[in-house]
Every structure is written in C-alpha cells, then in structure tokens.
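So for the sequence shown, the numbering used here puts the first residue at 4; every next one is plus one.
Ideal Cβ placement from N, Cα and C applies to all residues, glycine included.
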Amino acid sequence: MNNRSDENQLMIWRQLKRRKIETPSVLNAFTKIQRHHFVPEEFQDEAYGDFPLSIGAGQTISQPFIIALMMQTLALEKTDEVLEIGTGSGYSTALLASIVHWVDSLEFYQNLLDAAQKRLEHLNLTNYKLWHWNGWTGPPIEKQYDAIIVWASPNRIPEPLVKSLKNNGRMIMPIGKNDQKLMLIKNGKNGITQQFIDWVRFVPLIDGEPL
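Next up, the structure:
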C-alpha cells in the first residue's frame, strides 16, 4: 500500500492538534492509520481534506477532526471493549482497534462491510469483528461495552444501545435531523446522564432490515 505519511502528518497538525486534540493514543492512531487507504479512488486527491467524503450508499467517511473529537471525548482506555455503529469505510474501525482492546463494528450495508473488510485485512489488526447488522437494535450478541461510538444520527437515543453500556460506560453520538447535537451519554452511579459536546451534521441512522 502506498505511503502518504507527510500529508497525514500535516492533517494531524492542522486539523487535530491545532483544535485541541491532545490525547496521545488518539494522535498515535491517526499517525498509524492513513486515511487515503479508506477513501474511494475518485477522492484520493481530497483524502486528507478537512471534510467528510462520500463512500457510496449515501454514506460518508467523517471529517478527521470530528472522528478525533469523538474518540478523545470518550476517554478510551487500552483495556476498553467498544461497540461501533457504522463501520463505513473501516477507517474509524482501524483507528479504534489501534487504541482499545476490542471493537465490534456494525454496518447496515453489506457492500460497505465487504469493502471495509478488504481494507482492514491489509493492516496488522486482529482485535475487531465486523457485523452486518442494524445498529438501532444494539449489538448482535449479548454483551455490554465500556464505550459505544455512533457515526450516524438517530432522532432519539436507541434504548438497546443504552442497555449495552457497562456500569461507568459512556457513549457518544449525534442526535437529531438537521442541526444535530453531539451528545456524551454516561451510565454512572446516578444513572444515565447526557452532556452536550458540539453541533454536528451526520447522515441518518437507518432502521430496518440490513441491506
């Protein structure tokens, strides 16, 4: 696989470090995982741009800063088990797997899942599993997670995801239709709490039978 590490490092400096992304594990993951490997051929010239890019099926690979912000806000630990809703291109899956112990990643579209799996196979990562599944319904196995990260916006918080949080677990997700709120949800000793992080714009979280 070709190497564009200079572009990647410039992206990290301009888009992440200048915007207060400071967590070493997050920055190290972005250094290790190069975004252009996960971007369609027609967008290679824009692979390190400060914006989302289309990956087909009406889905996108998110803006690097937003990915980093969400991961930093979760305060991910090396021992964490993470549920990801929206595999997409596989880029965020690779980043997460570079930070935490295990990632279960759910993707609604089989063609996107297959393409992501092929990209991920080129990396020396074995601590993840991709599932063809509807993220609204929670994980396909009976399991609770230290952290959940959602890359599409529902109009409300899906209850199965809340129930999939361990004690002291945390979840970050956009909520809403147009102008969406990025929310941090925690399952703490006083129950479920919500904290507003930022205004964002994501594709909708699709419900129904996976395609």
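In whole angstroms, give me the CA-to-CA distance for Q198 and Q75.
15 angstroms
So what does DSSP say about W139, is it helix, strand or coil?
helix
Touch test, the segment 14 to 21 against the segment 59 to 70, Cβ-Cβ under 8 angstroms, three pairs minimum:
yes
Measure the alpha-carbon distance for F205 versus M176 and round it to whole angstroms.
F205 and M176: Cα-Cα distance of roughly 10 angstroms.
Classify N190: buried if its beta carbon has 16 or more other beta carbons within 10 angstroms, exposed otherwise.
buried
For F46, collect the residues of the same chain with a Cβ closer than 8 angstroms to its Cβ; drop the 5 residues on either side in sequence, then sort them by chain order.
L56, S57, listed in sequence order.
Tell me where the alpha helix (DSSP H) around A110 begins and ends.
The question names Ala, but residue 110 in the sequence shown is Glu. Annotation for E110: no alpha helix (DSSP H) segment contains it, though the beta strand (DSSP E) segment containing it runs 105 to 110.
Below 8 angstroms on the Cβ atoms is my contact criterion, and I expect S108 with Y131 to pass it. Report the Cβ-Cβ distance as a whole number of Å.
6 angstroms
Host beta strand (DSSP E) of Y148 (start-end):
148 to 153
DSSP state of F199 mapped onto helix, strand, coil
strand
Evaluate S92 with the Cβ neighbour count: other Cβ atoms within 10 Å of its Cβ, from every protein chain shown; 16 or more gives buried, anything less gives exposed.
buried
Name the one or two DSSP bridge partners that K23 has.
Partner(s): none; K23 has no beta bridge.
Suppose you measure from the CA of T90 to the CA of N193; what does that come to, to the nearest Å?
Approximately 32 angstroms between the Cα atoms of the pair.
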